[in-house]
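Undergrad:
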DNA sequence: AAATAACATGAATATTTCTCATATTGAACT
DNA sequence: AGTTCAATATGAGAAATATTCATGTTATTT
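Protein chains in written order, with my numbering: chain V, 816 to 1124; chain U, 816 to 1124.
Pasting the structure below:
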């Protein structure tokens, strides 16, 4: 056969593969099973008659052929995205309004770059961030006060469509040279004896408490701080422990400001999802916002994984 | 659904559609049925929620959305081709030898640009053109004297793979203001009374004689000339009629040097095919040569159609 | 108004892609 | 080394998609 039946699917596969470092992670990211990715990769390789990556290593490493093909993907896929965006504008018009409600405190940090990217792509869409804390952010969707909510709770609701954004690890933070630094990972009881420093939100919105400490019957003293830096400062000065998303603290960890350990053997992972009204799913710039958030997040945030829904 | 499931297939479709001017022609070019093209186009349009082309007109006209998407195709598809070429070089090495045997006289004309393009893509492949006329060019493949033959006869042979190149119309040529110019198209009897000016090849290699005049029992006098210009010069000076490929004479027709008419109601069409040894099909630069010939031909030669095999 | 050519459509078929269940592999750990 | 664990591979069946076939529709030509 003369014309290679290579498709964009293959390029998206390769890109996901290198960005997520393995077949399994890539599969999640593409909303496929690991098996599908394996089959597809094998098919692509035999189509080209070339091997594209060394699977034995972690993260996977590209062969020369793989690198050349990835280079194509990096040229082509952004062009495709830009085209689809232009077509979407042609379809629905360029202008509109997009109000985002945030459930989590730390979300501001990573959302900014994504919002900048969105503004560049859709200059005529008015972007609004609903501040404050909402007991039930989904009601904002029903009320029509928000168009997109970003939440960790994606239990299906009528007329609301959820799209997984990503999963991130929550790390336990302790002062350098703290006694607990000797442990590979922390267990519930390790939190019993010291105050827990958190954002000023109710207990049940703190994953560590709701999912780890409460089930184990442990209720540490709490102390609150508004800003991420403030929490870190308190931890560093030995006022207590904290638990924060890995991507929020990674710059501090690199400078050895505090020490971090996983919570539990497999770590404590949380997921973020975007929710929108079912009937808005076709509105181009809303869907595109989510695409942009995903792209930016995976490109910028260290140590995140695809959400599994 | 967030990520549009657009694929290269769709881009190839759109490109074929505009280059060939209609669904039916595009289908032939893509080796598909008209139905498949229609379905596929419809699927693409509903995927994007936009109409891409006005079908009522001939040639089809793109909508704004169609134009934008074609722009993407024109960026992306050449990149893909270049990448596949690079991968092919990685696979088989860059160097080799490619000997081409030509059956038809006029082929030299259109083959040159394609050969130039090939040389640019594969600078280390040694390109050879076997000159002269061969009774049975396929034997050159078996002998190993040629790697690719270009022929109008694609009847299946053991161990030989044929790939259709294109179909072209053979036009009857007559002096301006000749009596026959009043006719819309010529019939066999119209050739009875004047000499036929041809290349110096046996009767049965001249399509007009073999497929039109002989069956009708008409045997005009013949006169031979080596070069296309020479034939045209003879026609223009009223020494007889000729029949040549449309693309070979189109520059002369534009300057009204001679007058052309179709042969028979539907015109006389001939096809060209490339043949190679079955076992060479995997050799990258051989297959790529055919791809390049097809691309260059469709881009440069006026009035050709996909061959139907 | 008939004939023709190009395109559309629905149902049947063919092909491709995906998933499920399970095997294999390779690294990490006693 | 043997065991365990996570990651990848594989085969077979299921699901989804693409293609064809047969035919209908539409627009254009004669």
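Every residue, glycine too, gets a C-beta built ideally from N, C-alpha and C.
Suppose only complete runs of 3+ residues qualify. What are the beta strand (DSSP E) ranges in the stretch 1021-1091 of chain V, listed by chain order?
TA: Runs of the beta strand (DSSP E) inside the stretch 1021-1091 of chain V: 1037-1039, 1056-1060, 1074-1076.
Undergrad: Name, please, each residue of chain U whose Cβ falls closer than 7 Å to the Cβ of residue 857 (chain V).
TA: Locating residue 857 (chain V) in the first chain gives position 42, where the first residue counts as 1. Ordered by position in chain U, no residue passes the 7 Å Cβ test against residue 857 (chain V), which lies about 16 Å from the chain.
Undergrad: Output yes or no for whether 7 Å exceeds the beta carbon distance between residue 969 (chain U) and residue 1088 (chain U).
TA: Start at 1 with the first residue of the second chain, and residue 969 (chain U) comes out as number 154. Start at 1 with the first residue of the second chain, and residue 1088 (chain U) comes out as number 273. In this structure, residue 1088 (chain U) lies closer than 7 Å to residue 969 (chain U) by Cβ.
Undergrad: At a CB distance below 7 Å, what residues from the stretch 893-909 of chain V approach chain U? Give them in sequence order.
TA: Correct list: 894, 895, 898, 899, 901, 902, 905, 906.
Undergrad: With a cut-off of 7 Å, does the C-beta of residue 1079 (chain U) fall near any C-beta of chain V?
TA: Numbered from 1 along the second chain, position 264 holds the residue referred to as residue 1079 (chain U). No, no contact with chain V.
Undergrad: Count the other CB atoms within 10 Å of the CB of residue 1025 (chain V); is the residue buried (16 or more) or exposed (fewer)?
TA: Working through the first chain from its first residue, we reach residue 1025 (chain V) at position 210. With fewer than 16 Cβ atoms within 10 Å of its Cβ, residue 1025 (chain V) is classed as exposed.
Undergrad: Counting Cβ pairs closer than 8 Å, one from the stretch 885-892 of chain U and one from the stretch 921-931 of chain U, do we hit at least three?
TA: No, the stretch 885-892 of chain U is not in contact with the stretch 921-931 of chain U.
Undergrad: Counting contacts by CB-CB distance shorter than 7 Å, is residue 883 (chain V) in contact with chain U?
TA: Translated into the one-based positions of the first chain, residue 883 (chain V) becomes position 68. Yes, residue 883 (chain V) counts as interfacial toward chain U.
Undergrad: Given a limit of 8 Å on CB to CB distance, which residues of the stretch 858-877 of chain V reach chain U?
TA: Residues passing the 8 Å Cβ filter: 863, 864, 865.
Undergrad: So, does the CB of residue 880 (chain V) fall closer than 7 Å to a CB anywhere in chain U?
TA: Indexing the first chain from 1 puts residue 880 (chain V) at position 65. Yes, residue 880 (chain V) lies at the interface with chain U (some Cβ there is under 7 Å from its Cβ).
Undergrad: For chain V, is any of its Cβ atoms less than 7 Å away from the one on residue 1053 (chain U)?
TA: Numbered from 1 along the second chain, position 238 holds the residue referred to as residue 1053 (chain U). No, no contact with chain V.
Undergrad: Within 7 Å (strictly less), CB to CB, does residue 817 (chain V) reach chain U?
TA: By 1-based counting over the first chain, the position of residue 817 (chain V) is 2. Residue placement at residue 817 (chain V) cannot be trusted, given a pLDDT of 47 that sits under 50; what the coordinates show is reported in the next sentence. By this cut-off, residue 817 (chain V) is an interface position.
Undergrad: Taking the C-alpha atoms as reference points, what is the distance between residue 1019 (chain U) and residue 1028 (chain U)?
TA: For the purposes of this step, residue 1019 (chain U) is identified with residue 204 of the second chain, where counting begins at 1. For the purposes of this step, residue 1028 (chain U) is identified with residue 213 of the second chain, where counting begins at 1. So the two alpha carbons sit approximately 11 Å from each other.
Undergrad: Using a Cβ cut-off of 8 Å, pull out every chain U residue sitting near residue 1094 (chain V), in sequence order please.
TA: In the first chain, the residue the question calls residue 1094 (chain V) occupies position 279. Within chain U, no residue comes near residue 1094 (chain V); the closest Cβ sits about 15 Å away, beyond 8 Å.
Undergrad: Measure the C-alpha to C-alpha separation of residue 1053 (chain V) and residue 864 (chain U) and round it to an integer number of angstroms.
TA: Against the first chain, residue 1053 (chain V) aligns to sequence position 238. Against the second chain, residue 864 (chain U) aligns to sequence position 49. Using only the alpha carbons, I get a separation of about 58 Å.
Undergrad: Need the endpoints of the alpha helix (DSSP H) that residue 898 (chain V) sits in, please.
TA: The residue labelled residue 898 (chain V) in the question sits at position 83 within the first chain. Per DSSP, residue 898 (chain V) belongs to the alpha helix (DSSP H) from 879-907.
Undergrad: What is the DSSP secondary structure of residue 914 (chain V), reduced to helix, strand or coil?
TA: In the first chain, the residue the question calls residue 914 (chain V) occupies position 99. Strand at residue 914 (chain V).
Undergrad: Spell out whether any CB of chain U is found under 7 Å from the CB atom of residue 891 (chain V).
TA: Walking along the first chain from the start, residue 891 (chain V) turns up at place 76. Residue 891 (chain V) counts as touching chain U.
Undergrad: Would you call the CB atoms of residue 1017 (chain V) and residue 1036 (chain V) closer than 7 Å?
TA: Mapped onto the first chain, residue 1017 (chain V) falls at position 202. Mapped onto the first chain, residue 1036 (chain V) falls at position 221. For residue 1017 (chain V) and residue 1036 (chain V), no; Cβs fall outside 7 Å.
Undergrad: For the alpha helix (DSSP H) containing residue 841 (chain U), name the first residue and the last one.
TA: Looking up residue 841 (chain U) in the second chain gives position 26. From DSSP, the alpha helix (DSSP H) with residue 841 (chain U) extends over 838-844.
Undergrad: Is residue 888 (chain V) close to chain U, meaning its C-beta is less than 7 Å from at least one C-beta of that chain?
TA: Taking the first residue of the first chain as 1, we reach residue 888 (chain V) at position 73. Cβ-Cβ to chain U under 7 Å: no for residue 888 (chain V).
Undergrad: Rounded to a whole number of angstroms, what is the C-alpha to C-alpha distance between residue 1064 (chain V) and residue 1013 (chain V)?
TA: Position 249 of the first chain, counted from the start, is the residue given in the question as residue 1064 (chain V). Position 198 of the first chain, counted from the start, is the residue given in the question as residue 1013 (chain V). Cα to Cα, the separation comes out at about 14 Å.
Undergrad: Quick one: Cα of residue 1114 (chain U) to Cα of residue 842 (chain V), how far?
TA: Within the second chain, numbered from 1, the residue matching residue 1114 (chain U) stands at position 299. Within the first chain, numbered from 1, the residue matching residue 842 (chain V) stands at position 27. About 40 Å.
Undergrad: Going by the beta-carbon positions, is the gap between residue 1001 (chain V) and residue 1073 (chain V) smaller than 7 Å?
TA: Residue numbering aside, residue 1001 (chain V) sits at position 186 when the first chain is read from its first letter. Residue numbering aside, residue 1073 (chain V) sits at position 258 when the first chain is read from its first letter. Not in contact: residue 1001 (chain V) and residue 1073 (chain V) (Cβ atoms no closer than 7 Å).
Undergrad: With 16 other CB atoms within 10 Å as the buried threshold, where does residue 966 (chain V) fall?
TA: If you number the first chain from 1, residue 966 (chain V) lands on position 151. Flag for residue 966 (chain V) reads buried.
Undergrad: Given a threshold of 16 other Cβ atoms within 10 Å of its Cβ, counted over all protein chains shown, does residue 1044 (chain U) qualify as buried or as exposed?
TA: Residue mapping note: residue 1044 (chain U) aligns to position 229 of the second chain, counting from 1. When all chains shown are included, residue 1044 (chain U) counts as exposed.
Undergrad: Buried or exposed for residue 825 (chain U), going by 16 or more other Cβ atoms inside 10 Å?
TA: Residue numbering aside, residue 825 (chain U) sits at position 10 when the second chain is read from its first letter. That one is buried.
Undergrad: Residue range of the alpha helix (DSSP H) that residue 833 (chain V) falls in?
TA: If you number the first chain from 1, residue 833 (chain V) lands on position 18. 823-835 is the extent of the alpha helix (DSSP H) around residue 833 (chain V).
Undergrad: In chain U, what lies closer than 8 Å to residue 823 (chain V) by C-beta?
TA: Stepping through the first chain from its first residue, residue 823 (chain V) is reached at position 8. Here the neighbours are 821, 822, 823.
Undergrad: Counting beta carbon pairs with one atom in the stretch 876-888 of chain V and one in the stretch 897-910 of chain U, are three or more of them shorter than 8 Å?
TA: Segments in contact, yes.
Undergrad: Beta-carbon separation of residue 822 (chain V) and residue 834 (chain U) under 7 Å?
TA: Within the first chain, numbered from 1, the residue matching residue 822 (chain V) stands at position 7. Within the second chain, numbered from 1, the residue matching residue 834 (chain U) stands at position 19. In this structure, residue 834 (chain U) does not lie closer than 7 Å to residue 822 (chain V) by Cβ.
Undergrad: Grouping DSSP H, G and I as helix and E and B as strand, with all else coil, what is residue 816 (chain V)?
TA: Position 1 of the first chain, counted from the first residue, corresponds to residue 816 (chain V). Note that residue 816 (chain V) scores 41 on pLDDT, short of 50, meaning its location in the model is unreliable; the coordinates nonetheless yield the value given after this. Here residue 816 (chain V) sits in coil by DSSP.
Undergrad: I believe residue 1118 (chain U) touches residue 984 (chain U) by the beta-carbon criterion, under 8 Å. Please report the beta-carbon distance rounded to the nearest angstrom.
TA: Position 303 of the second chain, counted from the first residue, corresponds to residue 1118 (chain U). Position 169 of the second chain, counted from the first residue, corresponds to residue 984 (chain U). Yes, residue 1118 (chain U) and residue 984 (chain U) are in contact; Cβ-Cβ is about 6 Å, under 8 Å.
Undergrad: Could you give the distance in angstroms between the alpha-carbon of residue 1085 (chain V) and the alpha-carbon of residue 918 (chain V)?
TA: Residue 1085 (chain V) sits at position 270 when you count from the first residue of the first chain. Residue 918 (chain V) sits at position 103 when you count from the first residue of the first chain. Each residue's alpha carbon lies about 13 Å from the other.
Undergrad: Which of the three DSSP states, helix, strand or coil, is assigned to residue 1002 (chain U)?
TA: The sequence position of residue 1002 (chain U) within the second chain is 187, counting from 1. In the structure shown, residue 1002 (chain U) sits in coil (DSSP, three-state: anything other than H, G, I, E or B).
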